[in-house]
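Residue numbers (this note's numbering): 68 to 222.
Glycine included, every Cβ here is placed at the ideal spot set by N, Cα and C.
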Amino acid sequence: MEINTGIPADDRKAIAEGLSHVLADTYTLYLKTHGFHWNVTGPMFQTLHTMFEEEYTELWAALDEVAERIRALGEPAPGSYAAFAKLTSIEEEPGVPEAKEMIRQLVAGHEAVAKTARSVFPAAEAGNDEVTADLLTQRMTVHEKTAWMLRSLLD
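As C-alpha coordinates, this is what we get:
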(Lines of atoms letter the chains of each structure in order from A and count residues from 1; the text may use other names and numbers.)
(Lines give C-alpha, C1' and ligand atoms only; values in the text may rest on other atoms or scores of the structure.)
Protein backbone atom coordinates (compact mmCIF):
# COMPACT_ATOMS: atom_id res chain seq x y z
CA MET A 1 0.00 0.00 0.00
CA GLU A 2 1.30 3.45 -0.90
CA ILE A 3 2.39 5.79 1.89
CA ASN A 4 0.65 9.16 1.82
CA THR A 5 1.76 11.11 4.91
CA GLY A 6 2.84 14.26 3.07
CA ILE A 7 6.51 13.34 2.71
CA PRO A 8 7.48 12.59 -0.90
CA ALA A 9 8.92 9.11 -1.54
CA ASP A 10 12.39 10.41 -2.50
CA ASP A 11 12.56 12.44 0.71
CA ARG A 12 11.39 9.47 2.79
CA LYS A 13 14.13 7.36 1.26
CA ALA A 14 16.84 9.98 1.91
CA ILE A 15 15.69 10.45 5.50
CA ALA A 16 15.62 6.69 6.10
CA GLU A 17 19.15 6.36 4.68
CA GLY A 18 20.37 8.98 7.12
CA LEU A 19 18.54 7.32 9.99
CA SER A 20 20.14 4.00 9.02
CA HIS A 21 23.52 5.59 9.80
CA VAL A 22 22.15 6.84 13.14
CA LEU A 23 20.89 3.31 13.86
CA ALA A 24 24.25 1.76 13.00
CA ASP A 25 26.15 4.26 15.15
CA THR A 26 23.73 3.71 18.01
CA TYR A 27 24.04 -0.07 17.79
CA THR A 28 27.83 0.05 17.63
CA LEU A 29 27.94 2.40 20.63
CA TYR A 30 25.46 0.16 22.47
CA LEU A 31 27.65 -2.88 21.90
CA LYS A 32 30.82 -1.04 22.94
CA THR A 33 29.17 0.37 26.07
CA HIS A 34 27.81 -3.03 27.08
CA GLY A 35 31.22 -4.65 26.61
CA PHE A 36 32.86 -1.94 28.68
CA HIS A 37 30.22 -2.47 31.40
CA TRP A 38 31.21 -6.13 31.58
CA ASN A 39 34.94 -5.51 31.57
CA VAL A 40 35.64 -2.26 33.43
CA THR A 41 38.03 -2.53 36.40
CA GLY A 42 39.87 -0.18 38.71
CA PRO A 43 39.11 2.37 41.41
CA MET A 44 36.12 3.80 39.47
CA PHE A 45 34.61 0.34 38.93
CA GLN A 46 31.29 0.80 40.74
CA THR A 47 30.63 4.25 39.29
CA LEU A 48 31.50 3.23 35.72
CA HIS A 49 29.82 -0.18 35.89
CA THR A 50 26.57 1.49 36.95
CA MET A 51 26.92 4.42 34.54
CA PHE A 52 27.66 2.17 31.57
CA GLU A 53 24.61 0.02 32.41
CA GLU A 54 22.37 3.11 32.43
CA GLU A 55 23.88 4.20 29.11
CA TYR A 56 23.53 0.87 27.29
CA THR A 57 19.96 0.50 28.57
CA GLU A 58 19.09 3.92 27.14
CA LEU A 59 20.83 3.08 23.85
CA TRP A 60 18.94 -0.22 23.57
CA ALA A 61 15.60 1.60 23.81
CA ALA A 62 16.76 4.21 21.29
CA LEU A 63 17.54 1.51 18.73
CA ASP A 64 13.88 0.58 18.54
CA GLU A 65 12.76 4.20 18.18
CA VAL A 66 15.14 4.85 15.30
CA ALA A 67 14.40 1.55 13.53
CA GLU A 68 10.66 2.06 13.85
CA ARG A 69 10.95 5.55 12.37
CA ILE A 70 12.79 4.08 9.37
CA ARG A 71 9.96 1.55 8.97
CA ALA A 72 7.29 4.26 9.31
CA LEU A 73 9.00 6.03 6.41
CA GLY A 74 8.48 2.87 4.34
CA GLU A 75 12.06 1.63 4.22
CA PRO A 76 13.65 -1.50 5.69
CA ALA A 77 15.79 -0.95 8.78
CA PRO A 78 19.27 -2.47 8.68
CA GLY A 79 19.55 -5.27 11.19
CA SER A 80 22.79 -7.21 10.78
CA TYR A 81 26.34 -6.80 11.98
CA ALA A 82 27.46 -6.59 8.36
CA ALA A 83 25.02 -3.78 7.58
CA PHE A 84 25.92 -1.88 10.73
CA ALA A 85 29.65 -2.28 10.02
CA LYS A 86 29.17 -0.66 6.61
CA LEU A 87 27.07 2.21 7.97
CA THR A 88 28.70 3.13 11.28
CA SER A 89 31.24 5.87 11.89
CA ILE A 90 32.29 4.38 15.25
CA GLU A 91 35.33 2.13 15.47
CA GLU A 92 35.01 -1.20 17.19
CA GLU A 93 37.22 -1.92 20.20
CA PRO A 94 38.62 -5.45 19.88
CA GLY A 95 40.39 -5.38 23.24
CA VAL A 96 39.75 -4.35 26.81
CA PRO A 97 41.23 -0.90 27.39
CA GLU A 98 41.79 0.58 30.84
CA ALA A 99 38.90 2.53 32.37
CA LYS A 100 39.97 6.04 31.30
CA GLU A 101 40.42 4.87 27.71
CA MET A 102 36.95 3.32 27.84
CA ILE A 103 35.61 6.72 28.90
CA ARG A 104 37.50 8.48 26.09
CA GLN A 105 36.13 6.05 23.51
CA LEU A 106 32.59 6.45 24.79
CA VAL A 107 32.88 10.26 24.69
CA ALA A 108 34.02 9.97 21.06
CA GLY A 109 31.17 7.53 20.35
CA HIS A 110 28.48 9.77 21.79
CA GLU A 111 29.89 12.74 19.90
CA ALA A 112 29.90 10.66 16.70
CA VAL A 113 26.22 9.72 17.09
CA ALA A 114 25.34 13.37 17.73
CA LYS A 115 27.22 14.39 14.56
CA THR A 116 25.55 11.65 12.52
CA ALA A 117 22.12 12.67 13.82
CA ARG A 118 22.85 16.31 13.03
CA SER A 119 23.80 15.37 9.47
CA VAL A 120 20.29 13.98 8.83
CA PHE A 121 18.55 17.31 9.55
CA PRO A 122 18.82 18.67 5.99
CA ALA A 123 16.99 15.62 4.62
CA ALA A 124 14.33 15.85 7.35
CA GLU A 125 13.87 19.56 6.69
CA ALA A 126 13.69 19.03 2.92
CA GLY A 127 10.85 16.55 3.46
CA ASN A 128 9.10 18.68 6.09
CA ASP A 129 9.52 15.70 8.41
CA GLU A 130 9.03 17.20 11.86
CA VAL A 131 8.72 13.76 13.45
CA THR A 132 12.23 12.77 12.39
CA ALA A 133 13.56 16.23 13.31
CA ASP A 134 12.10 15.77 16.80
CA LEU A 135 13.62 12.30 17.11
CA LEU A 136 17.01 13.63 16.00
CA THR A 137 16.80 16.49 18.50
CA GLN A 138 16.01 14.05 21.31
CA ARG A 139 18.90 11.78 20.33
CA MET A 140 21.38 14.67 20.05
CA THR A 141 20.31 15.91 23.50
CA VAL A 142 21.03 12.51 25.06
CA HIS A 143 24.36 12.03 23.29
CA GLU A 144 25.68 15.53 23.94
CA LYS A 145 24.71 15.34 27.63
CA THR A 146 26.21 11.87 28.03
CA ALA A 147 29.45 12.95 26.34
CA TRP A 148 29.67 15.91 28.73
CA MET A 149 29.07 13.69 31.78
CA LEU A 150 31.68 11.17 30.66
CA ARG A 151 34.13 13.92 29.74
CA SER A 152 33.81 15.35 33.26
CA LEU A 153 35.22 12.09 34.64
CA LEU A 154 38.48 12.74 32.79
CA ASP A 155 39.22 16.09 34.50
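Ser87 burial status per 10 Å Cβ neighbour count (16 or more: buried): buried
CA nearest to the CA of Glu168, picked from Tyr148, Asp78, Asn106 and Asn71: Asn106
Endpoints, the alpha helix (DSSP H) within which Asp77 is located: Ala76 to Asn106
Heavy atom of the ligand NAP within 7 Å of Ala144 beta-carbon: With respect to the ligand NAP, the structure shown offers nothing to examine, as it has no ligands at all.
Cα-Cα separation between Val89 and Leu140, rounded to whole angstroms: 15 Å
Contact under 8 Å by Cβ, Glu192 with Ala200: yes
Lys80 versus Thr100: straight-line alpha-carbon distance, rounded: 30 Å
CB-CB length for Phe151 against Tyr97, believed under 8 Å: Rounded, the Cβ-Cβ distance is 10 Å, inconsistent with contact.
Leu217 beta carbon less than 8 Å from that of Ile157: no
Coil, strand or helix - Asp196 by DSSP: coil
Minimum C-alpha distance to Val180 - residue among Ala76, Val133, Gly102 and Gly109: Val133
Which of helix, strand or coil DSSP assigns to Ala144: coil
Own chain, CB closer than 7 Å to Ala83, minus 5 neighbours either side, in chain order: Ile137, Leu140 and Glu142
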